[in-house]
Amino acid sequence: MIDLHTHILPGVDDGSPSIDESLVMADMAVNSGVDTIVATSHGCSNNINIQRYWNAYQQLKDALEKRHIPLKLIAGMEIFLTEDVLEAIKSKSLLSINNTKYLLVEFDFEEEAWVAEYYLQILKEAGYHPIIAHPERYHFMQRDPSLAYYWVQQDYILQANKDSILGRFGSNCQKLAVELLNHNLIQVVASDTHGIRRRTPRMDGIQALLKNEFSPLCADMFLNENPRRIIQGEEVYTFPPRLF
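Per our numbering: the sequence shown ends with 290, consecutive numbering throughout.
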């Protein structure tokens with residue numbers, strides 16, 4: 047499996063606090079069937095330290111090789127969208143996934159839908175492909191989930207968190223995540239891991255649920271095929287979306 051959304055780099059954001067914890071997270075991921083992780087630390091245009099990111103990235107990459115942990119590390123960021131974000135992306139102060147046109151993006155959980163749409167349109171017009179992190183957690187999406195259908199029609203990619211589907215963010219998030227899956231409005235499922243106790247990098251549980259509740263094909267598409275396509279800069283596969 048490929049985990050497209052993680053906070054595994056040590057000491058960069060609110061994820062792993064140390065290289066030791068990052069290595070435990072890596073072991074947990076590998077033992078649950080993950081062979082590739084995208085290190086998507088939080089990035090914001092008004093709070094950037096790109097060298098800190100690359101130092102932590104290289105530190106973890108070297109440690110994985112030294113410990114012979116079979117986990118491939120890919121660069122990227124979870125970018126908090128603001129009006130001036132485009133210039134930071136163009137200057138490489140904020141990172142796309144594996145230097146492709148794919149951007150993992152997030153909003154304030156209480157953002158207005160029209161503002162979110164405005165930011166996405168800016169990125170699209172500049173030639174980028176937004177991947178919207180955990181849409182099930184945004185209040186505007188919980189109020190009007192039909193927006194997800196419109197976004198998929200706009201070729202935006204929706205990435206659900208595995209803990210939302212498993213009910214660990216509460217019933218509202220779980221209900222919406224499952225509804226989005228049932229309406230073919232999710233293209234990727236990822237861990238959004240932040241540590242070894244809560245929001246862990248283990249992916250075998252969600253893999254089993256997706257296989258049993260949906261299909262082995264769905265599980266492979268969400269956890270392997272579409273993440274692989276994104277890393278390689280290729281077009282993702284989407285089942286025909288259904289309107290709410």
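Even glycine gets a Cβ: it sits at the ideal position worked out from N, Cα and C.
When DSSP states are grouped into helix, strand and coil, residue 172 belongs to the coil group. In the structure shown, the three-state DSSP call for residue 69 is helix. Nearest to residue 200 by C-alpha distance, out of 58, 178, 49, is 178.
In the DSSP annotation of this structure, residue 187 is not part of any beta strand (DSSP E); the continuous alpha helix (DSSP H) holding it starts and ends at 185 to 189. Secondary structure at residue 163: helix, using DSSP grouped into helix, strand and coil. When the beta-carbon positions are compared, residue 52 and residue 90 stay at least 8 Å from each other. Under the DSSP assignment, residue 250 falls in the alpha helix (DSSP H) whose first and last residues are 250 to 259.
Judged by DSSP secondary structure, residue 199 falls within the alpha helix (DSSP H) whose first and last residues are 192 to 199. Contact between residue 106 and residue 65 holds: CB atoms are separated by about 7 Å, below the 8 Å threshold. Counting along the chain, no beta strand (DSSP E) covers residue 104; the unbroken alpha helix (DSSP H) around it starts and ends at 96 to 112. Of all alpha-carbon atoms in 279, 256, 281, the one lying nearest the alpha-carbon of residue 269 is that of 256.
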